[in-house]
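Notes for the one structure printed next.
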Amino acid sequence: VSVNNGARIIFCDLDGTSLFELALRDGKYVAIGDKEYAIDAEASAISANKVVYFELDLDNDKALVVIDGKEAGTFGMNKDAKNLARMSYATTEKDEFLFSVQTTRMYVNYTVNDDFIYNSVGEKPYGWDVTGNVLVETKASDWEMNSVKLNGKAAASRKFEKIRNKFVYETY
Numbered sequence: 026v027s028v029n030n031g032a033r034i035i036f037c038d039l040d041g042t043s044l045f046e047l048a049l050r051d052g053k054y055v056a057i058g059d060k061e062y063a064i065d066a067e068a069s070a071i072s073a074n075k076v077v078y079f080e081l082d083l084d085n086d087k088a089l090v091v092i093d094g095k096e097a098g099t100f101g102m103n104k105d106a107k108n109l110a111r112m113s114y115a116t117t118e119k120d121e122f123l124f125s126v127q128t129t130r131m132y133v134n135y136t137v138n139d140d141f142i143y144n145s146v147g148e149k150p151y152g153w154d155v156t157g158n159v160l161v162e163t164k165a166s167d168w169e170m171n172s173v174k175l176n177g178k179a180a181a182s183r184k185f186e187k188i189r190n191k192f193v194y195e196t197y
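Residues 26 to 197 (this note's numbering) are what the sequence shown spells out, left to right.
What follows is the structure in structure tokens.
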């Protein structure tokens, strides 16, 4: 039994055709859409907890994957899938993997609120434009969200563009 294989997060259409998947194979992440994409070793390092964020752009058949606040890449989605209807966590009969999902959020277009939970502590917030010393700070307990601290002369901003048919999924 392997804990470095078999885990999958799968998005599919009403017929069960896979639109996009993130899979764990031989201790590395693989994105599966219009083809299989290996995700680089730094983003693939396995640890006890992983925070995963997806943006599935249905207009352009692209999927953005962010793992622990680091962009793993933008990948093509399977164009044979007709729509987005279902999301599943899965593994195989031969493999074993523990999913311990604390929170799952799914929303369309964009979110205005950001709790910085998918960011690495001590780094700049993912998706924000920053100048100066702007870093994500740790949360005080599991019930609180991370925060961003602006040290000295610093600024942080984020632009929100209205995008139709973009689906966002994040879990931690």
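Don't be surprised by glycine CBs; every beta carbon is placed ideally from N, CA and C.
When the alpha-carbon of SER172 is set against those of TYR151, THR116 and LYS184, the nearest one is in TYR151. DSSP, read as helix, strand or coil, puts ASN176 in strand. Note that the stretch 107 to 114 touches the stretch 33 to 48; at least 3 beta-carbon pairs, one per stretch, sit closer than 8 Å. A check of alpha carbon separations from LEU89 across LYS119, THR117 and VAL55 identifies VAL55 as the nearest. In the DSSP assignment, GLY157 falls within the unbroken beta strand (DSSP E) covering 154 to 162.
Within its own chain, the residues whose Cβ lies closer than 6 Å to the Cβ of SER182, once the five positions on either side in sequence are excluded, are ASP154, listed in chain order. Per DSSP, LEU81 is one residue of the beta strand (DSSP E) stretching across 77 to 82. If you check the CB distance, LEU44 and ALA32 do not come in under 8 Å. Annotation: ASP120 to GLU148 spans about 34 Å, alpha carbon to alpha carbon.
Beta-bridge partners of THR99 (DSSP): LEU89.
Bridge pairing for ILE57: GLU46 and GLU61 [DSSP]. Counting of Cβ neighbours within 10 angstroms places VAL161 among the buried residues, the total reaching 16 or more. Remark: C-beta atoms of TYR62 and GLY94 do not approach each other more closely than 8 Å.
Ranked by how close their Cα comes to the Cα of LYS178, the residues THR163, ASN158 and LYS184 have ASN158 in first place. Per DSSP, reduced to three states, the secondary structure at ALA32 is coil, with no helix or strand assignment. A Cβ-Cβ distance of about 7 Å is found for the pair GLU46 and ILE34, placing them in contact under the 8 Å criterion. Here the alpha carbons of LEU81 and LYS87 stand approximately 6 Å from one another. Assignment of ALA106 by DSSP, reduced to helix, strand and coil, places it in the coil class.
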